[in-house]
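Asks: Taken in order, the sequence shown gives residues 55 to 531; the numbers are from my numbering.
Here a beta-carbon is modelled for each residue, glycine too, at the ideal position from N, C-alpha and C.
Please read all numbers here as calculations on a predicted model, not as lab measurements.
One structure is given below, represented as structure tokens, and several questions about it will come after.
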Amino acid sequence: MITPRFSCNQTDTSVTVRMYCPSVRASDVEINVDETLFTIHINPYFLRLNFPGRILEDDKSSAQYDPSSGYLTVSLTKEVKGEEFKDLDLLAKLLAPRPSKDQPSQPMIEVLDSESTSDDGEEDLVNRTNQLNLDSEQQTILEAAENDWQLPQSVPDPLPALHTSLQKPYGFLDMYTGYFAHVEHTENEVNELGSLADTLSIDQRRKMRLKHEEEKWDEEYYMADFADDSYIRELIAWRHPHALIDAQDPFNYTEEEKAAMLRLPRKEYLATPVQTHNLYLTLLTLLFSYAYDSRTTQQDPTPESAWTICSLTPAFSALDPPPYATSPLPRSPSEFSCAELSAVFTTVYRRALAFGLYRSWKLAEKCRTDVADFLSKGKRLVTRCLLEMKHILDHHEVYYVYSKVWTDDFCVWVQAYASDDVLRDLAERIRALKLDKESTGWDLEESEEAVQGELERDSDSDDESADEVERMAAEPL
């Protein structure tokens, strides 16, 4: 079946679906409505949409086909008049499967704090209860035999997971394997794991990533860009078009963007709270690499753009996504600590300073501001950024693989599962971050002071030369 191009709009009382299906017989159309689910089949096209609210197929509903244009227009009645259906322009969210009603629920009990309470009465009760323990284990067993007590038992520790394959999962929610089995036969210049990419654990990947960053760090390169930063200052002063979009005035996706959404996978993601939390952190690294490339190219991608994006994203080049900081498990998917956000941006800063064409701390800081700007506009703009990144990767003969294992799923997840409130909260937290140069592990301050000292000496030397010339010119011949 073919998924047709389509668009949705609404009024206070109805929802209209307009789909392009040329050269079909209107009499063959089959429409079905089930609460929020709408399906339509007209050979060879099939469309299934899951709306955010209930719809009805009643006497006010209609379907009209225009043979000259090839468009079929279906109007459906809202069950609740005046209800606003949000995100009708996020096509991937509409196409996502409806969550299963039989899906087992997540555990409803969560230990938030292991510290004892400060209530004196409760502490006294616990102490008195503990004093009731019998003096010896032998006496306990004898009395248990006489009175048929049920001795306390505990479940044995589970056995370690049995791995029947050497391959280790990676990618979005660790759903992929085998994509790098023959990577040594491709010209993948960003892969830092070599032929072992499919078999290394996350700890091994991280060690190799850090080692590679240390090898690529070039102090002289950084000092040269710090000394001659006139072009970098121009890049920093450039205003990103996405930052100028008014969050209160939603934009319309282009036809090319809509077509890209229709080609995205149709998946339902059952992520745990911890996985959801980590996906938000990984999203920050993707947006940072996109911001760096779009700023340094002024949103005019070059043949090197795919390499830049992949090299600056640890989840791509080393299959090493966040978190990068050791911290307690989050109480909720939307709770982010300053330490873990700092660790995420310190990691991508290191990548930008070790691999970027322009290696500047100020440029990295500006890219972080761009990420905050994107997030503050909500998931629609974030989706547009991801679609632009996907377009760059999809058109590269090697690096398209990272679009398959990461970007495609992120485009769907952001539309269908990400929260605008969480994204905007992240934006505020990112703007408030204070990162220091020492966190990179490199002596950036010392390098900059060395450059400043050399520039001052050169300036003094030039002044002395100018004074000498003036003195000689003033002497009589």
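1. Tell me, please, which residues DSSP counts as bridged to E125.
2. Between the C-alpha atoms of T401 and K431, what's the straight-line distance to the nearest angstrom?
3. Go to Q64, then tell me how far its beta strand (DSSP E) extends in each direction, as first and last residue.
4. Can you tell me the Cβ-Cβ gap for F226 and A251, rounded? I've got them flagged as a contact below 8 Å.
5. Applying the criterion that 16 or more other CB atoms from any shown protein chain within 10 Å of the CB defines a buried residue, is S343 buried or exposed?
6. Would you call the segment 113-123 and the segment 431-450 touching, i.e. three or more CB-CB distances under 8 Å?
7. With DSSP collapsed to three states, give me the class of I484.
8. Give the DSSP bridge partners of N543, in chain order.
9. Going by C-alpha distance, which of S249, D112, E502, T339 is nearest A397?
10. So S371 is in the alpha helix (DSSP H); what residue range does that whole segment cover?
11. What did DSSP end up calling T131 once you bin it into helix, strand or coil?
12. By Cβ distance below 6 Å, which residues in the same chain neighbour R102 in space, the five residues on each side in sequence not counted?
13. Within its chain, find whatever has a CB closer than 7 Å to the CB of V476; leave out the 5 residues flanking it on each side and keep chain order.
14. Report buried or exposed for I56, applying the criterion of at least 16 other Cβ atoms within 10 angstroms of its Cβ.
15. Classify I286 as helix, strand or coil using the three-state DSSP reduction.
16. At the level of alpha carbons, what is the spacing between K132 and R108?
17. DSSP puts L54 in a beta bridge; with which residues?
18. Are at least three pairs of beta-carbons, each pair with one atom in the segment 402-418 and one in the segment 285-303, less than 8 Å apart?
19. Could you tell me whether the Cβ atoms of V134 and E111 are closer together than 7 Å?
20. Who are I56's beta bridge partners in DSSP?
21. When the distance is taken between beta carbons, is F105 closer than 7 Å to T127?
22. With respect to the alpha helix (DSSP H) encompassing D463, which residues constitute its N-terminal and C-terminal limits?
23. Could you pull the DSSP bridge partners for S68 from this structure?
24. Do the CB positions of L487 and V425 come within less than 7 Å of each other?
25. On the three-state DSSP scale, how would you describe L166?
26. Is A369 closer than 7 Å to P377 when the C-beta atoms are compared?
27. May I have the straight-line CA-CA distance separating P295 from S348, to the nearest angstrom?
28. Tell me the rounded alpha-carbon separation between G124 and T330.
Replies: This is what the structure gives:
1. Note on identity: in this sequence residue 125 is Tyr, with Glu being the wrong assignment. Y74, D120, per the DSSP bridge assignment.
2. 24 Å
3. 59-64
4. Not a contact, Cβ separation roughly 16 Å.
5. buried
6. no
7. helix
8. No answer is possible for residue 543: the residues shown for the chain start at 55 and end at 531.
9. T339
10. 368-371
11. strand
12. T93
13. Y334, S388
14. exposed
15. helix
16. 6 Å
17. This structure leaves residue 54 out entirely; the chain is present only between 55 and 531.
18. yes
19. no
20. Y99
21. no
22. 462-470
23. T131
24. no
25. Unreliable placement is indicated for L166, whose pLDDT of 45 sits below 50; the coordinate value is still reported in the next sentence. Correct three-state label for L166: coil.
26. no
27. 10 Å
28. 41 Å
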